[in-house]
C-alpha cells in the first residue's frame, strides 16, 4: 500500500482523476493510511469534478450516509445523477431508489422505474442485480400500465451522456 500511495499521490497532485479516486478509496477503506472520511471526500471530489463516474457515485454515497460531510440527500442525488448519466449502474440503482421513496428528490415512479431497469440490466453483481429487479417489479405494482409503458420506452431510448 505504501508504494501505491506514493505513486497515486504523485499522479493525483498532477491532476490525474484515477489516482485521485484511488487515494479517496484508500482513505475510505483505510488501506495503507488511517481511515479518514474527510480526506476520502476531498480526493473523491477532485476526481468527481473531472467527470470520474465511480468517484461521483462514491461522493453520492458519502453525502447520503453523512460520512466526511454533513448528510445531504439532495447533494447525494446530484452526484448519483452525474454518475448515472454516464451509465454507472450502481449510481443508477441508488438514484432510482431515491426517486422511488422521494429522498432528496421529488418522488417519481416513472424515473425510478427507468433507473432501476437500467441498473438491473447493467449491474455485474448478480445479487445486486436481483435486488434492482425486485425493486423495479414491486414498483411496477404501484404504477399504471401507461406509466410502465412510458418507463420502458424511456429505458430503451436511454443513452449515456
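Residue numbers (our numbering): 6 to 166.
For each residue, glycine too, the CB sits at the ideal point set by N, CA and C.
Enclosing alpha helix (DSSP H) for residue 164 [first to last residue]: First-last for residue 164: undefined, no H or E at that position.
Supposed close pair residue 68, residue 76 - CB separation, criterion 8 Å: 7 Å
Boundaries (first-last residue) of the alpha helix (DSSP H) holding residue 83: 78-90 is the extent of the alpha helix (DSSP H) around residue 83.
Range of the contiguous alpha helix (DSSP H) that encloses residue 148: No alpha helix (DSSP H) holds residue 148; DSSP gives it neither H nor E.
Distance between residue 58 and residue 13 (C-alpha atoms, nearest Å): Using only the alpha carbons, I get a separation of about 18 Å.
6 Å CB neighbourhood of residue 42 in its chain, flanking five on each side removed: 72, 73
Length of the line joining the Cα atoms of residue 90 and residue 143: Each residue's Cα considered, the two are about 24 Å apart.
Where the alpha helix (DSSP H) containing residue 50 begins and where it ends: Residues 42-53.
Collapsed DSSP secondary structure at residue 36 in the structure displayed: coil
Local Cβ density within 10 Å of residue 100, reported as buried at 16 or more and exposed below that: Per the 10 Å Cβ criterion, buried.
CB-CB length for residue 25 against residue 51, believed under 8 Å: 4 Å
Closest by C-alpha distance to residue 63, when choosing among 145, 32, 37: 32
Cα-Cα separation between residue 122 and residue 95, rounded to whole angstroms: Their backbone Cα atoms lie some 12 Å apart in a straight line.
Pair within 7 Å by beta-carbon distance, residue 119 and residue 160: In contact: residue 119 and residue 160 (Cβ atoms closer than 7 Å).
Contact check, residue 97 vs residue 124, beta carbons under 7 Å: yes
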